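Add 71 to the 1-based position in the sequence shown for the numbering used here, that's all there is to it. The structure appears right after this line, and notes come after that.
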Amino acid sequence: MVGPVVCGQPVRSQVLLIGQAPGGKEGQFGKPFAWTAGKTLFGWFARLGLNEEPFRQRVYMAAVCRCFPGKQAGGGDRVPNPAEIENCSAWLRAEIEILQPQLIIPVGKLAIQQWLKADKLSEVIGKQFRIDVYGHAADLIPLPHPSGASTWHRTEPGISLLAEALAAIERHPAWQTIRPSD
């Protein structure tokens with residue numbers, strides 16, 4: 072893993088977004104989703120009336136791993152291995168125990184698989200799950216990874232399932248507490 076550690080602003084929120092790990096550019100900006108994938112991700116939330124800066128001020132952002140995992144041999148970001156995930160797990164656990172979020176939004180397959188068995192994104196995107204996370208009950212609404220390398224969210228069934236997931240997030244009572252007032 073390559074430092075620095077990247078984490079979101081300290082925000083007291085009922086909504087917790089969990090990414091996989093920072094990309095290669097996030098370290099220089101000192102915040103998660105600060106590059107291309109972030110533009111796509113924040114575009115999704117803008118559809119719900121919450122642009123990037125208000126989102127960062129109202130949603131706690133964490134990740135499965137806190138440092139850039141480096142590039143894989145064939146290009147693209149390397150997926151953190153089980154030992155790296157375990158090394159960072161105490162941070163995520165502590166954040167969940169402190170925040171007691173009502174809504175958890177895992178972004179991408181690695182984050183989703185921390186709580187759900189999912190071989191295919193189409194099995195979980197667009198659905199809401201009630202889970203027990205470290206002794207705390209919360210709703211989990213997964214999103215695909217907004218990476219430019221992925222076409223999943225730009226083709227069917229990904230387009231429709233993403234729309235269903237965003238609608239479920241928008242309806243969630245925890246989201247209602249952070250959304251802008253009309």
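Beta carbons: idealized from backbone N, C-alpha and C, even for Gly. From a predicted model like this one, the values you see are computed outputs, not experimental measurements.
Relative to the Cα of Gly206, the nearest Cα in the group Leu174, Pro75, Arg164 and Lys180 belongs to Arg164.
Excluding sequence positions up to five before and after Ser218, its CB lies within less than 7 Å of the CB of Ala108, all in the same chain and listed in chain order.
For Trp162, the closest C-alpha among the options Ile89, Leu237 and Thr248 is that of Ile89.
According to the DSSP assignment, Ala133 belongs to the beta strand (DSSP E) that extends over Tyr131 to Ala134.
Counting along the chain, Leu192 sits inside no beta strand (DSSP E), nor does DSSP assign it H or E at all. For Trp115, the closest of Ala238, Gln247 and Thr248 by C-alpha to C-alpha distance is Ala238. Counting along the chain, no beta strand (DSSP E) covers Phe116; the unbroken alpha helix (DSSP H) around it starts and ends at Thr107 to Ala117. In the three-state reduction of the DSSP assignment, Arg242 falls in the helix class, which pools H, G and I. DSSP places Pro177 inside the beta strand (DSSP E), whose first and last residues are Leu174 to Pro177.
Between the segment 119-131 and the segment 143-153, the count of C-beta pairs closer than 8 Å stays below three; the two stretches do not touch.
If you draw a straight line from the Cα of Val86 to the Cα of Leu232, it is about 20 Å long.
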